[in-house]
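Only one structure is covered here, and it is reproduced in the block below.
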Amino acid sequence: MPRLIDGLDTGSWRRPHVVMVMGKGGVGKTTVGLRLAYELASEGLRVLVASLDPAGHLLEYLGLPGPLREVEAAPGIRAVQYEVEGLARRVAEEYSLLLRRLMPGLQALSLEKAVEVIREAPGFEEEVFLRILSGLYERRDVDVVVVDMPPTGIALRVVSLPRLHLFWVERLRELRERIVAVKYAIANALGRRPEADDPVLRKLGELRDRYSRLQAEIADPRRTSVVAVATPEPLPVYEVGVIAERLRGHEIALKMIVANRVLGERAEALGLTGIEKQSLARLEETRCKLSPPPSLSVIAHMGRPPSSFEDVKQLGGYIVKVRHGCSES
Ligand SMILES: Nc1ncnc2c1ncn2[C@@H]1O[C@H](COP(=O)(O)OP(=O)(O)OP(=O)(O)O)[C@@H](O)[C@H]1O
Ligand SMILES: [Mg+2]
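Numbering (UniProt numbering), first residue to last: 1 to 329.
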């Protein structure tokens, strides 16, 4: 019986390996993520399923109350649903304290106001997701983390953020180095002892190290696999094309495409054969344009919506095929 993990290079993985599941809302990201977790745990790997998608149904699926602290959801599978709002608030507080320390002029702004301003800043949500992701790469107690990613637009911005941060941090470091040099020269000219350590430069140095490590982890196929899911319909398939394109731009490999809820012969009775065929052909085109091409896994429609972990086990019988290269027909 074909397995989804046959489409991934598990043999080359370094631990913890992060599998990011992306795709349009409702296509089956949570289902596919759980199925992957089940297959990986069956191989004896310790798996953590982490949902960053506030609308995701991970908890319902596992019959767990939410939002939850991490729990053992099934043998070898831990699960956690992140509560992004609360985290966002804490990160915003942290930033406003830091800002007030670095820029004393901001003391006039109440802490509450500063937190609010930061919380609403463009890109802030992505920053919070990035922090969570960064923490997941540091988990030494699991072998694999399967991440149920937020909606595509946000997910793509999150994975491209380390590079963007690095760009800014480098520019800021250059600026700060110039300021420090001037401060040094002034202190010397006045016959004062210049300060040996600059806290801003130190902080920027820490940030640069953190983001370059994260950037390297995300772009390393031994540490990260991205899986894009689509149902055989125009919009989900289009979105996989966007994911493929954007990841390529960031030198992040798309490892596997999953075509989910494929009707096959049943499409005819519903008059959907044309749409389904065209959509699958589009997926294949997207896949084979990439080098190396990601694998393609096809999962048939179960005939009913899977809604429990038991159903996720049953889903194995609906995995139609897992295809590697592009020369085969
Ligand atoms: N192969 C399948 N056959 C039949 N139904 C399926 C299949 N895969 C998923 N479903 C059903 O499709 C619906 C969406 O699946 P799921 O919740 O996994 O998608 P999602 O992409 O995570 O959605 P969201 O964006 O809302 O988080 C669910 O009702 C699920 O039970
Ligand atoms: Mg989901």
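The C-beta atom is built at its ideal place from N, Cα and C for all residues, glycine as well.
heavy atom of ligand 2 below 7 Å from residue i C-beta
i	result
residue 29	yes
residue 311	no
residue 197	no
residue 53	yes
residue 141	no
residue 148	yes
residue 165	no
residue 57	yes
Proximal residues to residue i (C-beta, below 7 Å), its chain only, five neighbours per side dropped
i	result
residue 33	21, 49, 146, 148
residue 328	Reliability fails at residue 328, whose pLDDT of 49 lies under 50, so the model's placement of it is uncertain and the value that follows must be treated cautiously. Here the set comprises nothing.
residue 40	5, 47, 144
residue 282	237
residue 233	275, 279
residue 330	Any question about residue 330 goes unanswered here, given that the chain covers just 1 to 329.
residue 204	169, 172, 173, 176
residue 323	295, 296
Sequence-distant residues of the same chain with beta carbon closer than 8 Å to residue i, five excluded per side
i	result
residue 184	194
residue 136	16, 18, 48, 50, 145, 147
residue 154	125, 126, 129
residue 201	173, 176, 177, 180
residue 290	244, 248, 254
residue 43	5, 10
residue 97	111
Near ligand 1: residue i beta-carbon under 7 Å from a heavy atom
i	result
residue 325	no
residue 301	yes
residue 308	no
residue 101	no
residue 315	yes
residue 178	no
residue 38	no
residue 330	Absent from the structure is residue 330, since the part of the chain shown begins at 1 and ends at 329.
residue 82	no
residue 318	yes
residue 305	yes
residue 153	no
Contacts around residue i, its chain only, beta-carbon distance under 6 Å, and the 5 residues preceding and following it disregarded
i	result
residue 15	143
residue 243	22, 228
residue 224	18, 218
residue 187	194
residue 133	none
residue 77	37, 41, 47
residue 310	none
Beta-carbon proximity check, residue i vs residue j, cutoff 8 Å
i	j	result
residue 250	residue 171	no
residue 258	residue 297	yes
residue 2	residue 275	no
residue 304	residue 294	no
residue 118	residue 82	no
residue 24	residue 235	yes
residue 58	residue 79	yes
residue 207	residue 159	no
residue 115	residue 93	yes
residue 262	residue 35	no
residue 300	residue 264	yes
residue 152	residue 285	no
Within-8 Å CB hit, residue i to chain C
i	result
residue 225	Protein chain content of the structure displayed is limited to a single chain, and chain C is not contained in it.
At least 3 beta-carbon pairs within less than 8 Å: the stretch 251 to 260 vs the stretch 226 to 241: yes
query: Whole alpha helix (DSSP H) runs in the stretch 23 to 63 with 4 or more residues, listed along the chain?
result: 29 to 42, 58 to 62
query: Mind pulling the alpha helix (DSSP H) runs of 4 or more residues that sit fully within the stretch 272 to 303?
result: As far as the stretch 272 to 303 is concerned, its whole alpha helix (DSSP H) runs of at least 4 residues are 273 to 289.
- prompt: Fully enclosed by the stretch 189 to 265, which beta strand (DSSP E) runs are 3 residues long or longer?
  reply: 224 to 230, 254 to 262
field: Those runs of the beta strand (DSSP E) which lie wholly inside the stretch 62 to 143 and span at least 3 residues
entry: 71 to 74, 77 to 81
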